[in-house]
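Novice:
2 protein chains.
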Amino acid sequence: MESALHRFKAEFFKALGHPVRLAILDALREGEKSVGRLAEELGLEQPSVSQQLGILRQRGFVEARKEGTSVHYRAADPDVYTFLDLGRAIFERQLKTQSDLLSELQETSSPS
Amino acid sequence: MESALHRFKAEFFKALGHPVRLAILDALREGEKSVGRLAEELGLEQPSVSQQLGILRQRGFVEARKEGTSVHYRAADPDVYTFLDLGRAIFERQLKTQSDLLSELQETSSPS
DNA sequence: CCCAAACATTCATATATTGCAATATACCAT
DNA sequence: ATGGTATATTGCAATATATGAATGTTTGGG
Chain S
1 MESALHRFKA
11 EFFKALGHPV
21 RLAILDALRE
31 GEKSVGRLAE
41 ELGLEQPSVS
51 QQLGILRQRG
61 FVEARKEGTS
71 VHYRAADPDV
81 YTFLDLGRAI
91 FERQLKTQSD
101 LLSELQETSS
111 PS
Chain H
1 MESALHRFKA
11 EFFKALGHPV
21 RLAILDALRE
31 GEKSVGRLAE
41 ELGLEQPSVS
51 QQLGILRQRG
61 FVEARKEGTS
71 VHYRAADPDV
81 YTFLDLGRAI
91 FERQLKTQSD
101 LLSELQETSS
111 PS
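What follows is the structure, given as structure tokens:
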């Protein structure tokens with residue numbers, strides 16, 4: 001018996017568990033951008049960006065606005081950046097802990 | 001060229017993108033618990049819990065303390081709960097938006 | 001030393017994601 | 001209509017992740 005809530009929340013986190021999707025969200029901090037511009041800034045092919053945007057859109061992380069032939073995307077909820085930044089802080093603490101452990105292991109030249 | 005930072009951060013989110021791992025973290029809000037107790041509370045097999053704990057440990061989300069034959073786990077950084085709760089708020093807003101969209105679609109009985 | 005309890009790891013298989021290339025669609029101008 | 005530009009979708013092989021059963025390992029008791 002594994003709560004449905006946890007399954008949904010897992011989907012939420014999974015949506016953020018991809019480097020390109022994180023890069024897209026970061027690029028959208030500066031405001032609305034077209035697919036082409038995102039592709040250019042991130043140095044990726046248009047179809048890749050479009051595909052990841054599709055996933056972010058499905059999950060409600062971004063919203064699209066059509067203008068002529070191009071589509072402009074923006075973050076759906078600015079609070080997601082507060083969230084990402086908090087994640088970053090925790091993430092960096094984890095990195096530090098891990099590198100501390102690493103150097104601790106290296107101090108003893110003869111591991112166990 | 002896709003930043004290494006985004007790759008690492010994606011790993012961070014991926015670690016949280018699993019229902020059992022989220023359930024484990026939630027269960028540890030109440031404090032340290034043994035593997036067996038977690039398995040019992042969550043209604044899962046011990047190996048499954050142990051495996052997911054292993055992943056959470058690798059990524060630095062939990063820490064273990066050995067006591068006799070059993071191992072007690074706790075959250076490595078209490079701030080992760082602030083983070084999860086903020087995620088929950090955003091996640092719920094997304095759900096609401098999506099259900100709004102859904103009912104909007106259903107108002108028109110003849111979908112385009 | 002031998003057994004049992006509590007965890008951890010391994011392995012095989014099923015399932016899901018990714019990355020990429022090709023193709024399709026929408027829109028605008030001529 | 002035709003062509004060009006901007007986005008979206010699809011198909012598929014490669015890879016990664018999940019699931020569940022079996023097996024290892026460590027610890028403490030007798």
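Respectively, the protein sequence lines represent chains S and H.
Counting in the UniProt record's numbering, the final residue of the first sequence is number 112, and the numbers go up one at a time with none missing.
Counting in the UniProt record's numbering, the final residue of the second sequence is number 112, and the numbers go up one at a time with none missing.
Where is the CB? At the ideal position from N, CA and C, for every residue including glycine.
#1: So what's arginine 7 of chain S in DSSP terms, helix, strand or just coil?
#2: Among S:Gln58, S:Val62 and S:Leu16, whose alpha-carbon lies nearest the alpha-carbon of serine 34 of chain S?
#3: Does any C-beta atom of chain H lie closer than 8 angstroms to the C-beta of valine 80 of chain S?
#4: Against chain S, which members of the segment 51–76 of chain H pass a CB distance test of less than 8 angstroms?
#5: Report yes or no: do three or more beta-carbon pairs, one from the segment 75–90 of chain H and one from the segment 7–19 of chain S, lie closer than 8 angstroms?
#6: Using a Cβ cut-off of 8 angstroms (strictly closer), state whether glutamine 46 of chain S contacts chain H.
#7: For serine 70 of chain H, I'd like the list of residues in its chain whose CB is within less than 6 angstroms of its CB, leaving aside the five on either flank, ordered along the chain.
#8: Between leucine 10 of chain S and chain H, is the shortest Cβ-Cβ distance under 8 angstroms, so that the two count as touching?
#9: Any Cβ of chain H within less than 8 angstroms of the Cβ of leucine 86 of chain S?
#10: Around the Cβ of proline 47 of chain H, are there at least 16 other Cβ atoms within 10 angstroms (buried) or fewer (exposed)?
#11: Nearest-angstrom Cα distance between leucine 16 of chain H and threonine 82 of chain S?
#12: With a threshold of 8 angstroms between beta carbons, is alanine 23 of chain H in contact with chain S?
#13: So that I know if they touch, is there some Cβ in chain S lying closer than 8 angstroms to that of serine 99 of chain H?
#14: At 4 residues or longer, and completely inside the segment 36–69 of chain H: list those alpha helix (DSSP H) runs for me, N to C.
#15: Does the beta-carbon distance from alanine 23 of chain S to serine 3 of chain H come in below 8 angstroms?
#16: So which of S:His6, S:Glu30, S:Phe8 and S:Ala39 has the shortest CA-CA distance to valine 20 of chain S?
#17: Taking the alpha carbon of glutamate 41 of chain H as the reference point, which residue from H:Gln58, H:His18 and H:Asp26 has its own alpha carbon closest?
#18: Can you tell me the Cβ-Cβ gap for glutamine 94 of chain S and arginine 65 of chain H, rounded? I've got them flagged as a contact below 8 angstroms.
#19: Quick one: list the residues of chain H neighbouring glycine 17 of chain S, beta-carbon separation under 7 angstroms, in chain order.
#20: Compute the Euclidean distance between the alpha carbons of glutamine 51 of chain H and tyrosine 73 of chain S, then round it to the nearest angstrom.
#21: Taking the alpha helix (DSSP H) that alanine 23 of chain H falls in, what are its first and last residues?
#22: Closest to glutamine 98 of chain S by CA distance: which of H:Asp85, H:Leu84 and H:Leu56 is it?
Specialist: In short, the structure shows the following:
#1: helix
#2: S:Val62
#3: yes
#4: Arg59, Gly60, Phe61 and Ala76
#5: yes
#6: no
#7: Ser34
#8: The sequence given here has alanine at residue 10 of chain S, not leucine. Yes, alanine 10 of chain S lies at the interface with chain H (some Cβ there is under 8 angstroms from its Cβ).
#9: yes
#10: exposed
#11: 18 angstroms
#12: yes
#13: no
#14: 46–58
#15: yes
#16: S:Ala39
#17: H:Asp26
#18: With 8 angstroms as the limit, glutamine 94 of chain S and arginine 65 of chain H do not qualify as a contact, their Cβ atoms being about 18 angstroms apart.
#19: Ala10, Phe13, Lys14 and Gly17
#20: 39 angstroms
#21: 19–27
#22: H:Leu56
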